[in-house]
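**Student:** Residue numbers (the numbering used here): 5 to 436.
Below you can see the structure in the form of structure tokens.
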């Protein structure tokens, strides 16, 4: 055998060994769950119109607590999940479409990989990019927010490294059913202490592979409406304040993305107050409730002892067209007939076989979210509302006969909630 032939055989063998090594390395990396987290301040620096109450026309007059965007990115085997928690009221359908496209294009994401959500604070700026209908200050704020969203997500990607995750569940009384029945049988917005609520506080603990905590992702079902239309101070309200508290207690290196669960008919125990009560020795109710929720998050977080590496990621996105409720307002039907359906954006993702995230662009009443969690094939299911757009209230069929604010405000025909539950569960089972 001449030297050239020997050299050729050795080269072929070496090439094969390298290829096998690369395949093995790829397979190992495919099973490694990586995550990156980042936070950015989005507190307005100019007076802005505040979201949530049509009767409130004045500009904001001060800042009670800072607003933030918190982002967490998960990746394994090239598949990604980008979860964004914003201390805002709503992105709205128009603003969301613009912001979503810019994020998907910049980071080369699939539609199913992005969960862009708000905590639904009614003391945060209205978002607008429409020069004809939007306030100039709010348009300026929204353009600045667009840049900050790109910045915080990019930082989360840059910080990605192998992590371990664990899960825990607690309970909090902060949220109360707000469908209060009057003596005449009618339903008003108030407090129904015996009404159905989802009290679960679902927590995801994220650590480095060495066990050092870096994130506390959590979900709780309540409106952030402890402050009412008389309040002109910027605030993250209940959920935003709870995240600030958790970060303060667990340490500055831990980021706490918080998400609003199914809470269309759930308000804080103390609701729509005129402002922060600063009389001596009084704890302002939004701070009290935010702290109470935050303490439960910390308790659950600290009791999570088991964490694991790895977890395959898969995602899915669908637009479910639900029948639109017939309008009784002639002004809405004269010139341009309303569409016959209302779109429900449903975004689902899983990490491994135990945890799933389900995002909805609606204000889902709590009974619907509880039904989805109960039917989910995953042990832990995060219901994320005010996510990827805005299509308004979705109520279960049995409440239509009772009436009330959520029923008068919904654009969905009776029975739409059943369609959403079935579709969401089908998508979850398909991921499983």
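Ideal Cβ placement from N, Cα and C applies to all residues, glycine included.
Can you give me the C-alpha to C-alpha distance between residue 345 and residue 240, rounded to a whole angstrom?
**Tutor:** As a position in the chain shown, residue 345 is number 341, starting the count at 1. As a position in the chain shown, residue 240 is number 236, starting the count at 1. Between residue 345 and residue 240, the C-alpha separation is close to 33 angstroms.
**Student:** Distance, Cα to Cα, residue 408 vs residue 165?
**Tutor:** The residue given as residue 408 occupies position 404 in the chain shown. The residue given as residue 165 occupies position 161 in the chain shown. Each residue's alpha carbon lies about 48 angstroms from the other.
**Student:** Give me the residue from 64, 428, 118, 399 with the minimum Cα distance to residue 467.
**Tutor:** One cannot answer for residue 467 here, as it falls past the ends of the chain, which runs 5 to 436.
**Student:** Do the CB positions of residue 217 and residue 211 come within less than 8 angstroms of each other?
**Tutor:** On the chain shown, residue 217 is found 213 positions in, with the first residue counted as 1. On the chain shown, residue 211 is found 207 positions in, with the first residue counted as 1. Yes, Cβ-Cβ distance for residue 217 and residue 211 is below 8 angstroms.
**Student:** Does the region 111 to 123 come within contact of the region 307 to 325, defined as at least 3 CB pairs closer than 8 angstroms?
**Tutor:** Yes: at least three Cβ pairs fall under 8 angstroms.
**Student:** Report the residue from 351, 359, 264 whose alpha carbon sits nearest the alpha carbon of residue 91.
**Tutor:** For the purposes of this step, residue 91 is identified with residue 87 of the chain shown, where counting begins at 1. Nearest option by C-alpha distance: 264.
**Student:** Looking at the structure shown, is residue 123 part of a helix, part of a strand, or coil, going by DSSP?
**Tutor:** For the purposes of this step, residue 123 is taken as residue 119 along the chain shown, with counting starting at 1. Correct three-state label for residue 123: coil.
**Student:** Using 8 angstroms as the threshold, is the C-beta distance between residue 120 and residue 95 below it?
**Tutor:** Translated into positions along the chain shown, residue 120 becomes position 116. Translated into positions along the chain shown, residue 95 becomes position 91. In contact: residue 120 and residue 95 (Cβ atoms closer than 8 angstroms).
**Student:** Which residue from 392, 223, 133, 342 puts its Cα closest to that of residue 351?
**Tutor:** By one-based count along the chain shown, residue 351 stands at place 347. For residue 351, the nearest C-alpha among the options comes from 392.
**Student:** Starting from the Cα of residue 261, find the closest Cα among 97, 37, 76, 38 and give me that residue.
**Tutor:** Mapped onto the chain shown, residue 261 falls at position 257. Of the listed residues, the one whose Cα sits closest to residue 261 is 76.
**Student:** Can you check whether the CB of residue 343 is closer than 8 angstroms to the CB of residue 395?
**Tutor:** For this step, residue 395 is matched to residue 391 along the chain shown. For this step, residue 343 is matched to residue 339 along the chain shown. Their beta carbons are not under 8 angstroms apart, which means residue 395 does not touch residue 343 by this criterion.
**Student:** Buried or exposed: residue 140, going by 16 or more other Cβ atoms within 10 Å of its Cβ?
**Tutor:** Within the chain shown, residue 140 is the residue found at index 136, counting from 1. By the 10 Å Cβ count, residue 140 comes out exposed.
**Student:** In three-state terms, what does DSSP make of residue 424?
**Tutor:** Position 420 of the chain shown, counted from the start, is the residue given in the question as residue 424. Of the three classes helix, strand and coil, the one that applies to residue 424 here is helix, per DSSP.
**Student:** Could you check whether residue 152 and residue 242 sit closer than 8 angstroms to each other, using their CB atoms as the reference points?
**Tutor:** Taking the first residue of the chain shown as 1, we reach residue 242 at position 238. Taking the first residue of the chain shown as 1, we reach residue 152 at position 148. No; because the gap between Cβ atoms is not below 8 angstroms, this pair is not in contact.
**Student:** For the beta strand (DSSP E) holding residue 80, just list the boundary residues, first then last.
**Tutor:** In the chain shown, residue 80 corresponds to position 76, counting from 1. From DSSP, the beta strand (DSSP E) with residue 80 extends over 72 to 80.
**Student:** On a CA-only basis, which of 417, 354, 424 is nearest residue 375? Give me that one, please.
**Tutor:** For the purposes of this step, residue 375 is taken as residue 371 along the chain shown, with counting starting at 1. Here the closest residue by C-alpha is 424.
**Student:** Between 389, 355, 369, which has its C-alpha nearest residue 363's C-alpha?
**Tutor:** On the chain shown, position 359 is the one that residue 363 refers to. The residue with the shortest Cα to Cα distance from residue 363 is 389.
**Student:** DSSP three-state call for residue 224: helix, strand or coil?
**Tutor:** In the chain shown, residue 224 corresponds to position 220, counting from 1. The answer is strand: DSSP assigns residue 224 an E or B state.
**Student:** Let me confirm a value: residue 349 is counted as buried when at least 16 other C-beta atoms fall within 10 Å, else exposed. Which label applies?
**Tutor:** What you label residue 349 is simply residue 345 of the chain shown in a count that begins at 1. Its Cβ being crowded by 16 or more others within 10 Å, residue 349 is buried.
**Student:** Where residue 275 and residue 178 are concerned, what is the direct C-alpha to C-alpha distance, given to the nearest angstrom?
**Tutor:** Residue mapping note: residue 275 aligns to position 271 of the chain shown, counting from 1. Residue mapping note: residue 178 aligns to position 174 of the chain shown, counting from 1. Roughly 11 angstroms separates the two Cα atoms.
**Student:** Hey, residue 228 and residue 126: beta-carbon distance below 8 angstroms or not?
**Tutor:** By one-based count along the chain shown, residue 228 stands at place 224. By one-based count along the chain shown, residue 126 stands at place 122. Against a cut-off of 8 angstroms, the Cβ pair of residue 126 and residue 228 comes out as a contact.
**Student:** Evaluate the contact criterion for the region 99 to 107 versus the region 367 to 383: three or more CB pairs, one atom per stretch, below 8 angstroms.
**Tutor:** The answer is no - the region 367 to 383 does not touch the region 99 to 107, with fewer than three Cβ pairs under 8 angstroms.
**Student:** Is the CB-CB distance between residue 245 and residue 291 below 8 angstroms?
**Tutor:** Indexing the chain shown from 1 puts residue 245 at position 241. Indexing the chain shown from 1 puts residue 291 at position 287. Yes, they are a contact pair.
**Student:** Pull up the distance between the alpha-carbon of residue 61 and that of residue 149, whole angstroms please.
**Tutor:** The residue you call residue 61 lines up with position 57 of the chain shown. The residue you call residue 149 lines up with position 145 of the chain shown. Distance between the alpha carbons of residue 61 and residue 149 is about 22 angstroms.
**Student:** If you reduce the DSSP assignment to three classes, tell me which class residue 345 lands in.
**Tutor:** Here residue 345 refers to the residue found at position 341 of the chain shown. Correct three-state label for residue 345: strand.
**Student:** Beta carbon of residue 419, beta carbon of residue 401: below 8 angstroms?
**Tutor:** Position 415 of the chain shown holds residue 419. Position 397 of the chain shown holds residue 401. Going by C-beta atoms, residue 419 is nearer than 8 angstroms to residue 401.
**Student:** Could you check where the alpha helix (DSSP H) with residue 305 kicks off and where it finishes?
**Tutor:** Within the chain shown, the letter at position 301 stands for residue 305. It spans 289 to 307 - the alpha helix (DSSP H) in which residue 305 sits, taken as one unbroken run.
**Student:** Thinking just about the alpha-carbon of each residue, which of 309, 222, 59 is nearest to the one in residue 359?
**Tutor:** As a working mapping, residue 359 is identified with position 355 in the chain shown. Checking every option, the nearest Cα to that of residue 359 belongs to 222.
**Student:** Would you check if the distance between the CB atom of residue 142 and the CB atom of residue 52 is smaller than 8 angstroms?
**Tutor:** Taking the chain shown and counting its residues from 1, one reaches residue 142 at position 138. Taking the chain shown and counting its residues from 1, one reaches residue 52 at position 48. Yes; because the gap between Cβ atoms is below 8 angstroms, this pair is in contact.
**Student:** If you compare alpha carbons, which of 294, 271, 267 is closest to residue 280?
**Tutor:** As a position in the chain shown, residue 280 is number 276, starting the count at 1. If we check each option's Cα against that of residue 280, 294 comes out closest.
**Student:** Given a cut-off of 8 angstroms on the beta-carbon distance, is the pair residue 436 and residue 382 in contact?
**Tutor:** Your numbering for residue 436 matches position 432 in the chain shown. Your numbering for residue 382 matches position 378 in the chain shown. Yes. Within cutoff.
**Student:** Between residue 306 and residue 416, which are expected to be in contact by the criterion C-beta below 8 angstroms, what is the C-beta distance as a whole number of angstroms?
**Tutor:** Reading the chain shown from its first residue, position 302 is the one you call residue 306. Reading the chain shown from its first residue, position 412 is the one you call residue 416. Contact flag wrong, Cβ pair sits at about 41 angstroms.
**Student:** Can you tell me whether DSSP reads residue 280 as helix, strand or coil?
**Tutor:** On the chain shown, residue 280 is found 276 positions in, with the first residue counted as 1. Of the three classes helix, strand and coil, the one that applies to residue 280 here is coil, per DSSP.
**Student:** Nearest CA to the CA of residue 384: which residue from 353, 271, 232?
**Tutor:** In the chain shown, counting from the first residue as 1, residue 384 sits at position 380. Minimum Cα distance to residue 384 is reached at 353.
**Student:** Got a sec, what are the start and stop residues for the beta strand (DSSP E) residue 264 sits in?
**Tutor:** Mapped onto the chain shown, residue 264 falls at position 260. Segment 262 to 264, the beta strand (DSSP E) holding residue 264.
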